[in-house]
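Here's the structure we're looking at; comments come further down.
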Amino acid sequence: MTLAYKDEEFLVDHITIFPWGILKDVHVKVNDLVIQVDFVIIGMYEDEEIPIIFGKPFLATIRTMINDQQKELVLRTDDKEEAHDEKED
Numbered sequence: 053m054t055l056a057y058k059d060e061e062f063l064v065d066h067i068t069i070f071p072w073g074i075l076k077d078v079h080v081k082v083n084d085l086v087i088q089v090d091f092v093i094i095g096m097y098e099d100e101e102i103p104i105i106f107g108k109p110f111l112a113t114i115r116t117m118i119n120d121q122q123k124e125l126v127l128r129t130d131d132k133e134e135a136h137d138e139k140e141d
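Adding 52 to a residue's 1-based position in the sequence shown gives its number in our numbering.
Set out below in structure tokens:
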């Protein structure tokens, strides 16, 4: 795992965020599924009205399928698949 730093501020959806750094090659385990991801560490002003959601690059990397009608989220890698639904919580 390495930490990289990028010195800039940027505006996304009318929110000012301050990047503190990037954590690279972090192994994240969801049940039996292990994926390698990079995290951008940011500072931002707290606002309960603005949700934080995963971006398309992350969801595409793990081939995510979201079924809103059945309230189900499926994460996939090459050899494994994990399904999570609202009823499990």
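We put the CB at the ideal spot given by N, CA and C, even for glycine.
As the structure is a computational prediction, the values presented were derived from the model and not from experiment.
| Check | Outcome |
| --- | --- |
| Just grab the DSSP bridge partners of Ala-135 for me. | Val-126 |
| According to DSSP, is Asp-90 helix, strand or coil? | strand |
| Once you ignore the five residues that flank Ile-87 on each side, which residues in its own chain have a CB closer than 7 Å to its CB? | Val-80, Ile-114, Thr-129 |
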